[in-house]
Amino acid sequence: MEYPIVNLSIRGVPAFNDNYLWLLDDGERAVVVDPGDAAPVQAALAQRELSLCAILITHHHFDHTGGVDALLAVAPVPVFGPDDARIPQVTHPLKAGDRCEFLGLEAEIIEVPGHTSEHIAYFVRDPAACGAPLLFCGDTLFAGGCGRLFEGSPAQMRNSLQKLADLPDDTRVYCAHEYTQANLKFAKAVEPNNAALAARIESVAQARDAGQPTVPSTLAEELATNP
11 MEYPIVNLSI RGVPAFNDNY LWLLDDGERA VVVDPGDAAP VQAALAQREL SLCAILITHH
71 HFDHTGGVDA LLAVAPVPVF GPDDARIPQV THPLKAGDRC EFLGLEAEII EVPGHTSEHI
131 AYFVRDPAAC GAPLLFCGDT LFAGGCGRLF EGSPAQMRNS LQKLADLPDD TRVYCAHEYT
191 QANLKFAKAV EPNNAALAAR IESVAQARDA GQPTVPSTLA EELATNP
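Numbering-wise (our numbering), the sequence shown opens with residue 11 and increments by one.
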């Protein structure tokens with residue numbers, strides 16, 4: 011799956027059972043988000059003849075960081091991520107309000123604790139640079155749902171989700187897992203009369219039957235169908 015964005019492309023690299031490792035490239039250089047497994051990333055880089063120039067991490071869980079060391083062994087690139095001792099590979103620790111640049115884009119850092127205590131999201135605001143605002147939110151906001159609470163509190167997660175809900179409606183939401191069908195099943199139990207939700211359930215089922223991904227979504231879609 012590939013989504014051209016002006017002079018960039020974003021490719022979801024499947025890993026494990028349901029992870030997506032997001033690979034952004036300009037045709038020559040690439041950035042990977044949350045590389046839990048190095049092998050599929052290396053294969054995608056080789057297939058497209060790309061050189062890795064940076065790694066972005068949202069949180070410390072192994073399915074988001076497990077491939078970092080192997081990637082760095084081949085290409086010792088900058089590693090952006092939360093200021094968390096559990097991610098020793100981070101060379102550029104980030105906090106709320108910071109900005110990082112890659113492939114000509116500037117991402118704002120949003121702190122979104124809940125799933126883990128030190129979780130960040132990367133938000134590319136300028137639609138002129140990439141066609142629409144982009145959000146790489148790890149395991150905070152999912153298509154049709156949100157992340158489990160491993161370390162944070164419900165209040166923290168609610169506050170984090172509200173920060174994301176306040177972003178522009180046309181923001182493309184690049185979450186890290188293919189959980190959409192299960193999430194929407196729960197959403198239907200919460201909002202059984204939501205017509206937009208019913209339509210989304212049908213379209214998601216068709217996509218999965220065809221072996222297609224259901225992400226990215228848009229923030230407008232989440233606001234309409236994600237309770």
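The beta-carbon is built from N, C-alpha and C at its ideal position, and this holds for glycine as well. Note that the structure is a prediction, hence the values are computed from the model and not measured.
Test item: CB-CB of residue i and residue j under 7 angstroms
i, j, result
"Ala64", "Pro88", "yes"
"Leu151", "Leu177", "no"
"Gly36", "Leu62", "The question names Gly, yet the displayed sequence has Asp at residue 36. Contact: no."
"Gly91", "Val100", "yes"
"Leu113", "Ile130", "no"
"Arg182", "Leu144", "yes"
"Ala48", "Leu81", "yes"
"Ala117", "Val134", "yes"
Neighbourhood of residue i by C-beta distance below 7 angstroms, restricted to the same chain and skipping five residues each side
i, result
"Glu201", "Leu207 and Pro237"
"Phe72", "Gly46"
"Phe160", "His125 and Thr126"
With 16 other Cβ atoms within 10 Å as the buried cut-off, status of residue i
i, result
"Phe26", "exposed"
"Pro164", "exposed"
"Leu146", "Note that residue 146 corresponds to Phe in the displayed sequence, not to Leu. Buried: at least 16 other Cβ atoms inside 10 Å."
"Gly22", "buried"
"Glu111", "exposed"
"Asp44", "buried"
"Pro50", "buried"
"Asp136", "exposed"
"Ala53", "exposed"
Contact set for residue i: own chain, Cβ-Cβ below 6 angstroms, skip 5 residues either direction
i, result
"Ala142", "Asp180 and Arg182"
"Val225", "Ala153 and Cys185"
"Val122", "His129, Ala131, Thr150 and Ser170"
Any 3 or more C-beta pairs closer than 8 angstroms across the region 181-201 and the region 142-158: yes
Beta strand (DSSP E) runs contained entirely in the region 120-208, provided each spans 3 or more residues: 130-134, 144-148 and 182-185
Entirely enclosed beta strand (DSSP E) segments - the region 30-107, minimum 3 residues: Counting only runs of 3 or more, we get 39-43, 61-66, 89-92 and 102-104.
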